[in-house]
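Shown next, in structure tokens, is the structure this report addresses.
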Amino acid sequence: MNTRTKQGTWASEGPAAAPPVLDVRGLRLRLAHTARPVLDGVDLTVSAGETVALVGESGSGKTLTSRSVLRLLPPGATAQGVVEVAGEDVLTMSAKRLRALRTGTAAMIFQDPRAAINPLRRIGDFLTESLRLTTRTSAEEAERRAGELLVAVGLPPEIMRRYPGQLSGGMLQRVMIAAALMGNPALLLADEATTALDVTTQAEIVALLADLRDRFGTGLLFVTHDLGLAAAISDRVYVMYAGRIVESGPVDALFARPRHPYTAALLAATPRLDAPRGRLNAIDGQPPDLLAELTGCPFAPRCAHASALCAERAPEDRSVTDDPAGREHRVACHHSDRLEGSAAHG
Numbered sequence: 172m173n174t175r176t177k178q179g180t181w182a183s184e185g186p187a188a189a190p191p192v193l194d195v196r197g198l199r200l201r202l203a204h205t206a207r208p209v210l211d212g213v214d215l216t217v218s219a220g221e222t223v224a225l226v227g228e229s230g231s232g233k234t235l236t237s238r239s240v241l242r243l244l245p246p247g248a249t250a251q252g253v254v255e256v257a258g259e260d261v262l263t264m265s266a267k268r269l270r271a272l273r274t275g276t277a278a279m280i281f282q283d284p285r286a287a288i289n290p291l292r293r294i295g296d297f298l299t300e301s302l303r304l305t306t307r308t309s310a311e312e313a314e315r316r317a318g319e320l321l322v323a324v325g326l327p328p329e330i331m332r333r334y335p336g337q338l339s340g341g342m343l344q345r346v347m348i349a350a351a352l353m354g355n356p357a358l359l360l361a362d363e364a365t366t367a368l369d370v371t372t373q374a375e376i377v378a379l380l381a382d383l384r385d386r387f388g389t390g391l392l393f394v395t396h397d398l399g400l401a402a403a404i405s406d407r408v409y410v411m412y413a414g415r416i417v418e419s420g421p422v423d424a425l426f427a428r429p430r431h432p433y434t435a436a437l438l439a440a441t442p443r444l445d446a447p448r449g450r451l452n453a454i455d456g457q458p459p460d461l462l463a464e465l466t467g468c469p470f471a472p473r474c475a476h477a478s479a480l481c482a483e484r485a486p487e488d489r490s491v492t493d494d495p496a497g498r499e500h501r502v503a504c505h506h507s508d509r510l511e512g513s514a515a516h517g
């Protein structure tokens, strides 16, 4: 296990400890015509063979965080901080090295597979083109690897001769996962990869990603607004609000004992089979406007626990570890003690 020092470096707790495959430190991203950064000091890590979920409402900054890992930034965006993938800072890479990273070290599974695959080209061409062009792999070898990965994601190699329009949405998402694995990445980014799928297919894709993580030892950053999916697949969870990480910790501890009012509100609004009949809970108010400056805690206008201090000063991220196993649980809230030990919100 690795522990992070106050300066953001990593200290080993054993001889086999290794640095994370993804290490984001102090990431700030500003877009043109916004009054504040859309990502404001994001810290996040993913280790090899670990699944980390990034959750929050739409507009919280989840997708921009994941796209920043590959430096897929909107036009005019400026980024500061450190985004290290396998020890290399993506934000300072040359264009040539960045292309190599995107086709080898890290890969992304996008939300809509139909928008990511050329409908006029066969599946086999889509799978093999990047590998052949970037690594000079022979056509025969690229096709062999594509066939193996299709089998790994539960599809017959014969579909390489088909066109995207001949496959279902679930099959296309499996093709996207196979494509992401073609370069044998150390890091896989899944950006709402199950949102457009039915519930049964969602469950199949989540199980598939977990299996592939175990087989290939790939680190997985799973971006979702669905807390149920996050609980099913992840080892650790980061909760994001208004471009900031407000809480992070092991999935079981964080869901059972949320220490930030926003996390508790998200969990209370999640549909559950054992919940009493009636209307679902909702979070009153709206996320803060990007055209307005922020003072204090961004969640304060929507928080039942807010005080004058919350409106005046932004809370600092601090450790609230109360786990018997010593796993770290962090929160950015002035009044996290009011939720301490409470499972009522989970």
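According to the numbering used here, the residues represented by the sequence shown are 172 to 517, in order. Glycine residues also receive a C-beta, built at the ideal position from the N, C-alpha and C atoms. Just so it is clear, the structure is predicted and the values come from calculations on it, not from any experiment.
Two segments are said to touch when three or more pairs of C-beta atoms, one from each, lie closer than 8 angstroms; by this definition the region 239-256 does not touch the region 363-383. Rounded to the nearest whole angstrom, the CA to CA distance from E483 to L269 is 41 angstroms. In this structure, the beta-carbon distance from G230 to M411 does not fall below 7 angstroms. Within the same chain, Cβ atoms closer than 7 angstroms to the Cβ of L398 are found at V226, L437, L438 and T441, the five residues on either side in sequence being excluded.
Per DSSP, reduced to three states, the secondary structure at P421 is strand. One Cα belongs to T263, the other to V324, and the distance between them is close to 34 angstroms.
Less than 7 angstroms divides the Cβ of A361 from the Cβ of I280. About 10 angstroms separates the beta carbons of L244 and L210, which is beyond the 8 angstroms limit, so they are not a contact pair. Taking C-alpha positions only, L462 is separated from V417 by approximately 21 angstroms.
At least 7 angstroms separates the beta-carbon of P447 from that of M347. Excluding its 5 nearest sequence neighbours in each direction, V502 has C-beta neighbours in its own chain below 6 angstroms: E418, R430, H431 and V491, listed in chain order.
With respect to the 7 angstroms criterion, L298 and A317 are classified as neighbours on the basis of their beta carbons.
In the DSSP assignment, G340 falls within the alpha helix (DSSP H) that extends over G340 to L352. Collapsing the DSSP output to three states places I454 in coil. Between L200 and P208, the C-beta gap is smaller than 7 angstroms, which places the two residues in contact.
The beta strand (DSSP E) runs lying completely inside the region 185-248 and spanning 3 residues or more are 193-201, 210-217 and 222-226, given in chain order. Counting C-beta atoms within 10 angstroms of its own C-beta, E221 has 16 or more neighbours from the protein chains shown and is therefore classed as buried. For L461, there is no enclosing beta strand (DSSP E), as DSSP marks it with neither H nor E.
Of the residues assessed, H204 falls on the exposed side of the cut-off, its CB having fewer than 16 other CB atoms within 10 angstroms. Looking at the DSSP output, R333 sits in no beta bridge, so it has no partner there.
Under the rule that a run must span 4 or more residues, the alpha helix (DSSP H) segments found entirely inside the region 263-323 read 266-271, 284-287, 294-306 and 310-323. In this structure, DSSP gives G325 a state outside helix and strand, which the three-state scheme calls coil.
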